[in-house]
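Under this note's numbering, the sequence shown has 211 at position 72, and the numbering climbs by one with no breaks. Where a beta carbon is used, it is the ideal one built from N, C-alpha and C, also for glycine. Note that the structure is predicted; figures quoted are calculated from it, not measured. To start, the structure itself, in structure tokens.
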Amino acid sequence: MFEIPENIEKKVEQIKAEIKDLVKDDILYVAFSGGMDSTVTAFLAKEALGKNRVKLVNVLFGPFAYSKSIESVLRTAEDLDLEIIFTDKHMAQYKIMKKGPNCNQCTRKLKMSGVKSVAGDKLVATGANQSDSWGKTEIKVMNNLYSPIIGLTKEELREIIKIYNIKIRKVGENAHREGCKLKHLLKLLINMDYHGRAVSFANEIIHDILDKYNYKREIANVKIIGPLSKNIALINIKPYPPEEIYNEIIDILNSEKSIDEVYIVNKPIKLTISVNPGIFNHKESKYWVDKGRLQPEFAAPIEIEWKKSKNERLATFHVVDFEYMK
Numbered sequence: 140m141f142e143i144p145e146n147i148e149k150k151v152e153q154i155k156a157e158i159k160d161l162v163k164d165d166i167l168y169v170a171f172s173g174g175m176d177s178t179v180t181a182f183l184a185k186e187a188l189g190k191n192r193v194k195l196v197n198v199l200f201g202p203f204a205y206s207k208s209i210e211s212v213l214r215t216a217e218d219l220d221l222e223i224i225f226t227d228k229h230m231a232q233y234k235i236m237k238k239g240p241n242c243n244q245c246t247r248k249l250k251m252s253g254v255k256s257v258a259g260d261k262l263v264a265t266g267a268n269q270s271d272s273w274g275k276t277e278i279k280v281m282n283n284l285y286s287p288i289i290g291l292t293k294e295e296l297r298e299i300i301k302i303y304n305i306k307i308r309k310v311g312e313n314a315h316r317e318g319c320k321l322k323h324l325l326k327l328l329i330n331m332d333y334h335g336r337a338v339s340f341a342n343e344i345i346h347d348i349l350d351k352y353n354y355k356r357e358i359a360n361v362k363i364i365g366p367l368s369k370n371i372a373l374i375n376i377k378p379y380p381p382e383e384i385y386n387e388i389i390d391i392l393n394s395e396k397s398i399d400e401v402y403i404v405n406k407p408i409k410l411t412i413s414v415n416p417g418i419f420n421h422k423e424s425k426y427w428v429d430k431g432r433l434q435p436e437f438a439a440p441i442e443i444e445w446k447k448s449k450n451e452r453l454a455t456f457h458v459v460d461f462e463y464m465k
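This is the structure:
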């Protein structure tokens, strides 16, 4: 019989005891994406409270939610034998992204507010842990949000997944952190039928084709860049697939009216990025956009040429062009 390491067993029991103590006889809502963090949180909540006092809440983003992701969330909720409730926030997301890419604001303002709109005044559990900025504060409860796994590292979470045989289903977008399709629109979302459709269509198609070939990937996305009048699609797949896969993706993307040009990122590139003056004048902010936000999701090394934006609507950044490095 497989033995649970003493340190993991002790932490799991401590978390379950804490959940019972905080929730008491009430219902606990779990902000649920279907990823590792929220799934472990949901699993431990059910172990502590039983299935009738745990409800999962998933925030949908309309055309920017992967169809595969929605299916995975439903199947994982079924695995956990927990009720799941969906709430849609894509129109509110549209308002935020009209000022440029801003995943952090989307998470803070929409994901948690979406869950709270369902939970009311009940406690909401999140998957914040030691890898997150909130996790590093070690504040477990704040504004009715509660993080049971705040003291756990990613390695410990993976160990819990393995020990308790919890299945995590992935889209294939990123081996480490997956999200909605809209994070791949690297400019202002001004026109839903043009900018929005391009990023939604391209990032649904790429996974349909890779799944058809059963192609295993660490990264798979299509970045939409360019001036507001032109949608340039940059195909990122790592490791690089055979030419036949690239060709099939390119053919379909070229047939889409909202996409004007298509390129493969299979060698180093330089991005020209227009940024809000606040970011332009702040070294750490530029570093985060480069190393934290962009490079981890490109299939090849990137360099950046920064330009200060004169567009007063731009609150963050806009990738206006690119070129292959020699």
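Here the region 203–218 makes contact with the region 169–179; the two share three or more CB pairs at distances below 8 Å. Taking the Cα positions, I363 is about 35 Å away from Y168.
When Cβ pairs closer than 8 Å are counted between the two stretches, the region 286–305 is seen to touch the region 251–269, the count reaching three or more. Separation of I147 and I154 (C-alpha to C-alpha, rounded to the nearest whole angstrom) is 11 Å. Note that the region 223–235 touches the region 195–213; at least 3 beta-carbon pairs, one per stretch, sit closer than 8 Å. W427 and I384 have their C-alpha atoms some 32 Å from each other. Taking the Cα positions, R308 is about 11 Å away from A314.
DSSP, reduced to helix, strand and coil, places L199 within a strand of the structure shown. For A184, the uninterrupted alpha helix (DSSP H) segment begins and ends at 175–188. The Cβ atoms of L367 and I412 do not sit closer than 7 Å to each other. Straight-line measurement puts the Cα of D165 at about 40 Å from the Cα of H346. When C-alpha distances from E444 are compared across V310, I224, E436, M464, the shortest belongs to M464. For K377, the closest of S394, N370, N405, N386 by C-alpha to C-alpha distance is N405. For N146, the enclosing alpha helix (DSSP H) begins and ends at 145–162.
With fewer than 16 other beta carbons inside 10 angstroms of its own, N243 counts as exposed.
The criterion of a C-beta distance shorter than 7 Å is satisfied by I403 and I374.
Bounds of the beta strand (DSSP E) holding K362 are 358–364. Excluding the 5 residues flanking it on each side, P380 has same chain C-beta neighbours closer than 6 Å at Y354, in chain order.
The closest CA to that of S397, considering only I358, G335, N283, is found on G335.
Rounded to whole angstroms, T292 and K150 show a C-alpha spacing of 12 Å.
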